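2 protein chains.
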Amino acid sequence: MAEKVILILSGGIDSTTLLYQLIHKENYDVCVLFFNYGQKHIKELDYAKYHCTELNVDLKIVDLTFLKDLIGKASALTSQEVEVPNIKEVLGHPQPLTYVPFRNHIFLTLALCYAESIGAKKVFYGAQRHDLYSYWDTTEEFVKRINDIASLNRLHQIQILTPFVAYKKADIIKEGLELEVDYKHTWSCYEGIEKPCLKCPTCAERLKAFKDLNLTDPLLESD
Amino acid sequence: MAEKVILILSGGIDSTTLLYQLIHKENYDVCVLFFNYGQKHIKELDYAKYHCTELNVDLKIVDLTFLKDLIGKASALTSQEVEVPNIKEVLGHPQPLTYVPFRNHIFLTLALCYAESIGAKKVFYGAQRHDLYSYWDTTEEFVKRINDIASLNRLHQIQILTPFVAYKKADIIKEGLELEVDYKHTWSCYEGIEKPCLKCPTCAERLKAFKDLNLTDPLLESD
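Printed below as a string of structure tokens:
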């Protein structure tokens, strides 16, 4: 029987590619967690659902919309009153406004809770080395330290695994194309408008990654 | 102006005593977080509200009832199908059924998120050395490791503080009585019946603590 593992899926490039890798290359029985944390738009949920249906895996949507209230105006990703900065404003910034306080730490502890509850030993997290900007809570050191906490558990040893933590986004896309991931059904942009804004930090990184591979992002092709 | 700090309040002896200490001895401006995580009963919320009203502090109730669904039958504190063990069953057990998977880790990450969002630098947590049984997520080592994570934050340095982590429960009550905490308005029992069951692990510990001080728990006095 295939080993049961947890994956945190955001509907973006990294975690979607990881989903395909876990299913098609590693043959895991993947339980997918999607966190709705009160982000300004939830377009990525449609994409997460699309891939889970395609691959016939269970998707558990966790409602964390209360986080929006705890965070207030501390993040451009949850507050309607804080504008999403463009890439030029975040270059070299230690903690851009697109950072969400302790969000990834919260997601991982919830995933650990679920893993222990269903007896899974691995939690997969699509953290990736950002090329143009970075957050402290997507680094190898961060994940190492959460694993240091999880190792204190007296009965259940669970590990967080981040196969892409040292990958650039272009490396991930290359891997995903081999796995036949259709990136038309992934969403990265921090704005929730019909087409990607192409100005926000994550759009800039996605653009660069496809350009590095001499490809056009299928999301930008006209229908 | 008094320094703004966060306290996680459960309505039990330890965190209630800590609330009085932070207000009356330390003169902090305390923001209280109470987590409703789908526990079998929520009697302790009434007690938490009582003290916050008495002390005129803000109480933020965070709805984590979805956790019950993630946890399933993995804890006697959230599943109606799992009986709360009595103290004899948990003595020497590394992880009794009254443990809730990663609950304290989840609470602390949410408190860190809130602290960063409102610009607070300290999160107080009433973890205490259990006399009769223990959990990995109330230990000094656990708190040290979460602080190791929080220290990676690039803009906001927040610390979790646990003044009672080396205290026995009797020491905490002694401290609380000096601060005039009325323990009639605190709840520990894992069962949600009218009076404490006196058999569950936390009742046993509470009984022992008052006995060690040659006192009777005011909660057990007839009205």
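In order, the protein sequences belong to chains B and P.
The first sequence maps to residues 34 to 256 in this note's numbering.
The second sequence maps to residues 34 to 256 in this note's numbering.
Even for Gly, the Cβ is constructed at its ideal location relative to N, Cα and C.
This one's a predicted model, so the numbers in the text were calculated from it and none came from an experiment.
Own chain, CB closer than 6 Å to residue i, minus 5 neighbours either side, in chain order
i                 : result
PHE243 of chain P : ASP250
CYS230 of chain P : CYS222, GLU224, CYS236
GLU36 of chain B  : TYR61
GLY209 of chain B : THR50
ASN137 of chain B : ASP170
LYS101 of chain P : GLY71, THR111
GLU114 of chain B : LYS106
VAL123 of chain B : PRO129, TYR166, PRO234
VAL133 of chain P : SER108, LEU110
ILE120 of chain P : PRO234, ALA237
Residue i: first and last residue of the uninterrupted beta strand (DSSP E) it sits in
i                 : result
LYS37 of chain P  : 37 to 41
PHE135 of chain B : Careful: PHE135 of chain B lies outside any beta strand (DSSP E) and carries neither H nor E.
LYS155 of chain P : 155 to 158
Coarse secondary structure for residue i, derived from DSSP in three states
i                 : result
LEU91 of chain P  : According to the sequence provided, residue 91 of chain P is Asp. The question's Leu does not apply to it. Looking at ASP91 of chain P - three-state DSSP - the assignment turns out to be coil, as it is neither helix nor strand.
ILE56 of chain P  : helix
LEU141 of chain B : helix
LEU194 of chain P : strand
VAL123 of chain B : helix
ASP250 of chain P : coil
ASP79 of chain P  : helix
ASP96 of chain P  : strand
ASP47 of chain B  : helix
THR86 of chain B  : helix
LYS217 of chain P : helix
ALA199 of chain P : coil
CYS230 of chain B : coil
SER112 of chain P : coil
CYS146 of chain P : helix
Start and end residues, alpha helix (DSSP H) containing residue i
i                 : result
VAL63 of chain B  : Segment 62 to 69 is the beta strand (DSSP E) holding VAL63 of chain B; no alpha helix (DSSP H) there.
VAL176 of chain B : 173 to 183
PHE243 of chain P : 234 to 245
GLU211 of chain P : 202 to 211
LYS101 of chain P : 100 to 104
Partner residues on chain B for residue i, Cβ-Cβ distance less than 9 Å
i                 : result
ASP245 of chain P : Within 9 Å Cβ-Cβ: nothing; ASP245 of chain P doesn't reach chain B, min ~27 Å.
Within chain P, the residues that residue i reaches when beta carbons sit closer than 7 Å
i                 : result
GLN128 of chain B : ARG187, LEU188
PHE68 of chain B  : What PHE68 of chain B touches in chain P: nothing, since even the nearest Cβ is about 11 Å away.
THR171 of chain B : Within 7 Å Cβ-Cβ: nothing; THR171 of chain B doesn't reach chain P, min ~11 Å.
Cut-off 7 Å between Cβ atoms - residues of its own chain near residue i, not counting five sequence neighbours on either side
i                 : result
VAL117 of chain B : ALA109, THR131, TYR223, GLU224, CYS233
GLU77 of chain B  : SER43, GLY44, GLY45, TRP220
HIS218 of chain P : TYR80, TYR83, HIS84
LEU103 of chain B : none
LEU2 of chain B   : Because chain B spans 34 through 256 in this model, residue 2 of chain B falls outside it and cannot be assessed.
HIS57 of chain B  : LEU212
Proximal residues of chain P, C-beta to C-beta of residue i below 8 Å
i                : result
ASN96 of chain B : The residue asked about is misnamed: residue 96 of chain B is Asp in this sequence, not Asn. Neighbours of ASP96 of chain B on chain P, chain order: PHE99.
CYS64 of chain B : Ordered by position in chain P, no residue passes the 8 Å Cβ test against CYS64 of chain B, which lies about 11 Å from the chain.
Residue i: contacting residues in chain B (beta-carbon distance under 7 Å)
i                 : result
GLU174 of chain P : LEU185
Proximal chain P residues relative to residue i, where beta-carbon distance stays under 9 Å
i                 : result
PRO134 of chain B : LEU145, CYS146, TYR147, ALA148, GLU149, SER150, ASN186, HIS189
GLY225 of chain B : By Cβ distance, chain P contributes nothing, its closest Cβ being about 22 Å from GLY225 of chain B, past 9 Å.
ILE139 of chain B : ILE139, THR142, LEU143, LEU145, CYS146
Where residue i meets chain B, residues with beta-carbon distance less than 8 Å
i                 : result
GLY105 of chain P : SER150, ILE151
Sequence-distant residues of the same chain with beta carbon closer than 8 Å to residue i, five excluded per side
i                 : result
ALA199 of chain P : ARG162, GLU173
ASN69 of chain B  : ILE75, LEU78, ILE94, VAL95, ASP96, LEU97, THR98
LEU240 of chain B : LEU231, ASP250
PHE135 of chain B : ASP170
CYS64 of chain B  : LYS37, VAL38, ILE39, LEU40, VAL90, ASP91, LYS93, TYR147, ILE151, ALA153
LEU194 of chain B : LYS155, VAL156, PHE157, TYR158
Residues from the segment 177 to 194 of chain B in contact with chain P, defined by Cβ distance under 7 Å | ARG178, ILE179, ASP181, ILE182, LEU185, ASN186, ARG187, LEU188
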